[in-house]
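For the record, in the sequence shown the residue sitting at position 24 is 64 according to my numbering, with numbers rising by one throughout.
Backbone N, C-alpha and C fix where the C-beta goes; we use that ideal spot for every residue, glycine too.
Down below is the structure, laid out as structure tokens.
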Amino acid sequence: MSELQEVQITDDNALPQDPLKAAELAAKLMQVQEQKHCIETPYGMVTVTIQGSPKPKRPAIVTFHDVGMDHKMCFETLFNNEDMYEIVKNFVVCHIDAPGQEEGAAVYPVGYQYPSLDQLAETIPCVLQYLNFPSIIGIGVGAGAYVFARYTLTHPNTVEGLVLLNIDPNAKGWMDWAAHKLTGLTSSIPEMILSHLFSTEELSGNTDIVRQYKSAILSSPIVSNNQLYWNSYNSLGNSLKHSNTLYREWDTSPTSWIRSAIWGEVSFEELINIPHPLSLLLVLCILAATSHPASVQFDGLPMITGKC
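Below is the structure:
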């Protein structure tokens, strides 16, 4: 095991964007070409959104979102932050929407057999082959983090780096949901998804961000589709508690280690409010992928980057 290096990454610089700068950034981002593709896979049609164009000898940045949302809800705040402009300008970004989770998706019929998360991991090769992406840096959140972890175990040579968020089943939001489930109380699918994304305290506080996501999830026209994705995630059951086993399956011998003290118990609300350190993490990942392999791990939350 390589020597552990301590790197301090804090959210001290995570200040609100100036409205004028935000407008200028929005204008710049509109100049970045965006394309949508519907890609057929053995497990259903997958919608991908491409920002920018492929750059020679540079990996594509590919994202996979969490349950209860599409790629916009999950990643728009991050990629629209001013700190991310240079990354978006210099790397092609590909957002994968899980089947039936994209905006405007048709509602699946009753009894539709939705793919498992392991099967969703096998849709990624179809996307990469269709788009001719030889290598990627993956960013996954929650269920999407599991999908990328599973994909990397079976296709390690295509992955230059990974940023996996909230893959830890011991995270506060997950434990709140599990405790609620054990009480035997019945909840609607939107309520369970919200309990997965936010802690009890956050839901009680009912901040602007919580209200924004609650409104979007409760009013979703494809809530039955959201339920199918949720069921696939929920069906992992105790196997999700072995996320450390997933981690141990990687060959870490060619990696160096960076450990940060910032994460601890970071909630979903805090996560989407600190784009600066998250973009810094992505920069570290890109530097590692384009120079030498590296691994990043936050306290209690394995976040792997580098050749596996």
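Which residue marks the beginning of the alpha helix (DSSP H) containing E126, and which one marks its end? 125 to 130
Determine the direct distance from the alpha carbon of R98 to that of V199, and round the result to whole angstroms. 12 Å
Can you give me the C-alpha to C-alpha distance between I229 and I164, rounded to a whole angstrom? 27 Å
In this structure, how does DSSP classify K76 when only helix, strand and coil are distinguished? strand
Whole angstroms is fine: what's the gap from F238's alpha carbon to E74's? 31 Å
Kindly list the residues whose CB is nearer than 7 Å to the CB of H135, restricted to its own chain and excluding five residues on each side of it in sequence; keep chain order. V88, T89, T103, H111, F115
From P82 to S244, what distance separates their C-alpha atoms? 42 Å
Quick one, which of A146, A161, Y273 has its alpha-carbon nearest S264's? A146
Does DSSP put R91 in a helix, in a strand, or in coil? In the sequence as presented, Arg is not what sits at residue 91; that position holds Gln. The answer is strand: DSSP assigns Q91 an E or B state.
Please return the same chain residues whose Cβ sits closer than 8 Å to the Cβ of M85, not counting the five positions on each side in sequence. C78, I79, P139
Cross-strand partners of L204 (DSSP beta bridge): G180
Any idea what DSSP makes of L225, helix, strand or coil? The pLDDT assigned to L225 is 45, lower than 50, so where the model puts this residue is not dependable; a value taken from the coordinates is nonetheless given after this. L225: coil per DSSP, three-state reduction.
I need the DSSP call for M429, collapsed to helix, strand or coil. The structure shown does not extend to residue 429, since the chain spans only 41 to 348, so no value can be given for it.
Given C166, which residues of its chain have a CB within under 8 Å of its CB, disregarding the five upstream and five downstream residues? I79, E80, T81, P82, V86
So A189 and D106 are supposed to be a Cβ contact under 8 Å. How far apart are they, rounded? In fact, because the Cβ distance is near 14 Å, the residues do not count as touching under 8 Å.
DSSP three-state assignment for V187, whether helix, strand or coil: helix
Nearest-angstrom Cα distance between W303 and F173? In this prediction, W303 has a pLDDT of 40, which is less than 50 and means its spatial position is unreliable; nothing more can be read from the coordinates.
Suppose only complete runs of 3+ residues qualify. What are the beta strand (DSSP E) ranges in the region 233 to 260, listed by chain order? none
Helix, strand or coil, according to DSSP, for F115 in the structure here? helix
Can you tell me the Cα-Cα spacing of L118 and L204, whole angstroms? 14 Å
Is it buried or exposed for S259, if we count other Cβ within 10 angstroms and need 16 for buried? exposed
Give me, in chain order, the residues of the same chain whose beta-carbon lies closer than 6 Å to that of S175; leave out the 5 immediate sequence neighbours on both sides. P99, T198, E200
What residues in its chain sit with their C-beta under 7 Å from that of Y273, if we drop five residues either side in the sequence? V107, L157, A183
Going by C-alpha to C-alpha distance, which of L171, P149, D123 sits closest to K95? L171
Count the other CB atoms within 10 Å of the CB of N130; is the residue buried (16 or more) or exposed (fewer)? exposed
Distance check for G151 and V133, CA to CA, integer angstroms please. 34 Å
Between E142 and the rest of its own chain, which residues show a CB-CB distance below 7 Å, the 5 nearest in sequence each way excluded? T87, D110
Please report how far the alpha carbon of Y125 lies from the alpha carbon of Y253, in whole angstroms. 25 Å
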